[in-house]
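Everything on this sheet refers to the single structure shown next.
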Ligand SMILES: Cc1cc2nc3c(=O)[nH]c(=O)nc-3n(C[C@H](O)[C@H](O)[C@H](O)COP(=O)(O)OP(=O)(O)OC[C@H]3O[C@@H](n4cnc5c(N)ncnc54)[C@H](O)[C@@H]3O)c2cc1C
Ligand SMILES: Nc1ncnc2c1ncn2[C@@H]1O[C@H](COP(=O)(O)O)[C@@H](O)[C@H]1O
């Protein structure tokens with residue numbers, strides 16, 4: 001039994017979500033191979049080779065894989081995947097985009113977003129916005145799985161010394177192309193990796209007011225998140241959305257400011273260790289999951305909090 | 310150009326689902342059902358393409374029990390032209406749904422298939438990508454903008470780092486994200502009119518697809534409940550608790 005992990009990377013460095021997938025694979029058990037498919041991605045492959053627990057790195061360096069286009073990458077992964085018992089990727093937007101395509105090419109199901117490994121074929125995953133946890137057994141010979149990063153510790157980035165093997169296969173389906181991207185640039189930690197997050201909702205009123213949260217974030221080394229309502233209203237960009245259909249986070253401290261606590265938002269943050277809610281409505285559902293609730297006007301409470309840190 | 314739209318019948322997104330006491334599944338008896346919110350967005354996008362003169366016909370497909378007709382009728386009231394129900398009372402996994410849809414695509418030959426990115430019951434986020442693989446079409450998943458230009462479609466996608474734009478040859482598959490559009494409501498006259506629009510019913514056997522189980526649901530548990538916390542009276546108390554009790558700052 002061997003497990004193939006599809007690495008998440010930007011051609012230079014390995015994304016942290018890969019490390020959580022390695023831990024999930026370790027719990028499944030078996031030899032662990034990591035595929036780094038990209039263009040000019042040797043450095044990412046080298047980084048994968050030194051991750052603890054990784055036995056081999058497959059490096060597919062080809063222009064066709066530069067932007068991880070699903071049409072191209074899925075063909076490569078399906079071709080390699082036939083020799084494995086499990087094909088695993090982090091449940092990031094890249095993993096979610098590519099892996100079901102791989103599963104269909106292999107004529108197997110995908111088990112999405114697992115949060116627990118019970119055995120080599122049985123996994124737990126949240127359904128209905130996290131209001132239920134399903135234990136699912138895969139009946140397929142090859143198990144295609146995406147892994148929820150917050151549910152598994154990150155594997156150590158040092159300690160491994162896997163060999164890097166080149167894969168020649170070049171798949172260019174020729175039906176899609178990359179046009180461009182708008183990548184949010186920020187000096188703050190990534191939402192999914194941050195240990196402290198302060199998020200704002202519709203109660204923030206507008207985008208400028210997010211500066212109040214940024215100032216607190218600077219002091220706490222925190223990432224800044226948002227509810228869907230805040231993103232929809234155009235206060236902040238989409239990559240800041242936390243929730244069922246946004247990012248799943250589980251920091252040590254999550255501070256929800258002017259967020260009511262709809263189930264779709266809770267689905268993305270209720271596994272945080274400590275939750276703080278600041279809301280002027282004492283009936284807001286967010287208080288039912290908050291360890292510390294403060295009923296207050298955020299425009300007074302947040303500047304005061306900022307001053308006391 | 311013909312546009313195919315898929316709509317799934319799911320629990321209403323405002324309803325908090327409960328787990329059955331024997332932990333065999335969630336309890337859907339007497340629960341309000343509705344069209345999956347992402348599918349509403351898919352229907353809206355198709356209707357806008359038709360209004361813009363890009364789409365000529367909108368075919369809406371749902372797979373599931375007889376009652377899924379209601380969601381097809383809703384889509385017809387919103388502006389779709391005709392419906393297809395692939396009726397089955399069995400549990401249809403994403404791969405099976407994709408195989409059935411691949412047959413419908415073969416029959417209908419649409420230029421664009423618009424689907425939701427995720428069904429809010431299973432939270433699978435798979436079916437569109439699987440259909441794309443089975444039909445060898447390109448995919449624009451998690452779309453926040455769709456622009457048809459001649460034989461190609463440009464799709465802006467919501468990705469973890471921000472936005473990514475790809476160009477796809479048509480026919481292509483698009484899956485919707487929340488910000489693609491704001492769905493309209495159906496007017497009463499349109500709801501009445503929708504009752505007379507054609508709705509075909511087929512079965513998986515008609516389409517020549519065997520319904521196969523690739524997974525087995527062993528149990529369903531409620532999630533771990535959080536301990537109820539406390540209310541603090543002031544920012545000062547909050548900072549003190551975070552420093553000295555929770556020790557997180
Ligand atoms: C299919 C689907 C998927 C969804 N996915 C997500 C998702 O991933 N993430 C997500 O977040 N949502 C998601 N939603 C939306 C969700 O249902 C809610 O609409 C949304 O979370 C509400 O955001 P909010 O709490 O910021 O806004 P509101 O519910 O409007 O709450 C605003 C809060 O701010 C408080 N407030 C206002 N002014 C002040 C002030 N001056 N001081 C203090 N408090 C103040 C109010 O008391 C209120 O509680 C989804 C919805 C659907 C249908
Ligand atoms: N039974 C179904 N009937 C119609 N559409 C479906 C069905 N299952 C999935 N879909 C479509 O596929 C999308 C993604 O579903 P899923 O992969 O299950 O999260 C949904 O938003 C629907 O548009």
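Protein chains in written order, with the working numbering: chain A, 1 to 309; chain B, 310 to 558.
For glycine and all other residues, C-beta sits at the position ideal for the given N, C-alpha and C.
Quick caveat, the model's predicted, so the values are computed rather than measured.
What in chain A is Cβ-close to residue i, meaning under 8 Å?
i: residue 424 of chain B; result: In chain order: nothing, as chain A lies at least about 12 Å away.
i: residue 339 of chain B; result: Correct list: empty, because the minimum Cβ distance to chain A is about 16 Å.
Going by the C-beta, is residue i closer than 7 Å to any heavy atom of ligand 2?
i: residue 371 of chain B; result: yes
i: residue 431 of chain B; result: yes
i: residue 316 of chain B; result: yes
i: residue 499 of chain B; result: no
i: residue 355 of chain B; result: no
i: residue 312 of chain B; result: no
i: residue 333 of chain B; result: no
i: residue 518 of chain B; result: no
i: residue 436 of chain B; result: yes
i: residue 403 of chain B; result: yes
i: residue 425 of chain B; result: yes
For residue i, which residues in chain B fall below 9 Å Cβ to Cβ?
i: residue 314 of chain A; result: In the structure as shown, chain A begins at 1 and stops at 309. Residue 314 of chain A is therefore absent and cannot be evaluated.
i: residue 161 of chain A; result: Going along chain B, no residue has its Cβ under 9 Å from residue 161 of chain A, so there is no contact; the nearest lies around 30 Å.
i: residue 232 of chain A; result: 487, 488 and 491
Starting from residue i, find everything on chain B with Cβ-Cβ shorter than 8 Å and list it in chain order.
i: residue 105 of chain A; result: 442
i: residue 50 of chain A; result: Result: empty, since nearest Cβ-Cβ is about 24 Å, beyond 8 Å.
i: residue 84 of chain A; result: The contacting residues do not exist; residue 84 of chain A stays about 17 Å from chain B at best.
i: residue 61 of chain A; result: By Cβ distance, chain B contributes nothing, its closest Cβ being about 21 Å from residue 61 of chain A, past 8 Å.
For ligand 1, any of its heavy atoms closer than 7 Å to the Cβ of residue i?
i: residue 237 of chain A; result: no
i: residue 537 of chain B; result: no
i: residue 130 of chain A; result: no
i: residue 322 of chain B; result: yes
i: residue 284 of chain A; result: yes
i: residue 114 of chain A; result: no
i: residue 18 of chain A; result: no
i: residue 540 of chain B; result: no
i: residue 270 of chain A; result: no
i: residue 487 of chain B; result: yes
Please classify residue i: does DSSP put it in a helix, a strand, or coil?
i: residue 494 of chain B; result: coil
i: residue 65 of chain A; result: helix
i: residue 500 of chain B; result: helix
i: residue 336 of chain B; result: strand
i: residue 291 of chain A; result: coil
i: residue 126 of chain A; result: strand
i: residue 90 of chain A; result: strand
i: residue 330 of chain A; result: Since the first and last residues shown for chain A are 1 and 309, residue 330 of chain A lies out of range.
i: residue 245 of chain A; result: coil
i: residue 2 of chain A; result: strand
i: residue 426 of chain B; result: coil
i: residue 313 of chain B; result: strand
Name the DSSP bridge partner or partners of residue i?
i: residue 466 of chain B; result: B:452 and B:473
i: residue 9 of chain A; result: A:14
i: residue 254 of chain A; result: A:197 and A:275
i: residue 282 of chain B; result: With chain B covering only 310 through 558, there is no way to say anything about residue 282 of chain B.
i: residue 59 of chain A; result: A:36 and A:166
i: residue 176 of chain A; result: B:477
i: residue 396 of chain B; result: B:373
i: residue 114 of chain A; result: A:147
Along chain A, which residues have their Cβ under 7 Å away from the Cβ of residue i?
i: residue 467 of chain B; result: 238
i: residue 463 of chain B; result: 179
By the criterion of Cβ-Cβ separation under 9 Å, what are the contact partners of residue i in chain A?
i: residue 396 of chain B; result: Under the 9 Å cutoff, chain A gives no residues; its nearest Cβ is about 22 Å from residue 396 of chain B.
Quick check: the stretch 167-177 of chain A against the stretch 197-215 of chain A, are there 3 or more CB pairs under 8 Å? Contact fails: fewer than three Cβ-Cβ distances are below 8 Å.
Using 8 Å as the cut-off, can you tell me whether the stretch 154-167 of chain A makes contact with the stretch 42-53 of chain A, which would need three or more C-beta pairs spanning the two stretches below that distance? Cβ pair count under 8 Å is three or more, so yes.
Is there contact here, the stretch 76-90 of chain A with the stretch 132-146 of chain A, by at least three beta-carbon pairs under 8 Å? Pairwise C-beta distances place the stretch 76-90 of chain A in contact with the stretch 132-146 of chain A, as three or more of them are shorter than 8 Å.
Within the chosen definition, does the stretch 398-417 of chain B reach the stretch 52-72 of chain A through at least 3 CB pairs nearer than 8 Å? Because the criterion of three Cβ pairs below 8 Å is not met, the stretch 398-417 of chain B and the stretch 52-72 of chain A do not touch.
Given 8 Å, three or more beta-carbon pairs between the stretch 264-275 of chain A and the stretch 364-375 of chain B: Using a C-beta cut-off of 8 Å, the stretch 264-275 of chain A makes no contact with the stretch 364-375 of chain B, since fewer than three inter-stretch Cβ pairs fall below that distance.
Contact between the stretch 429-438 of chain B and the stretch 97-108 of chain A is defined here as three or more beta-carbon pairs at a separation below 8 Å; is this criterion met? At 8 Å Cβ cutoff, the stretches touch.
Taking 8 Å as the cut-off, does the stretch 472-488 of chain B touch the stretch 453-463 of chain B (at least 3 CB pairs, one atom from each stretch)? Taking a cut-off of 8 Å for Cβ pairs, the stretch 453-463 of chain B and the stretch 472-488 of chain B touch, as three or more such pairs fall below it.
Looking at C-beta atoms only, is the number of pairs between the stretch 474-486 of chain B and the stretch 125-138 of chain A that lie closer than 8 Å three or more? The answer is no - the stretch 125-138 of chain A does not touch the stretch 474-486 of chain B, with fewer than three Cβ pairs under 8 Å.
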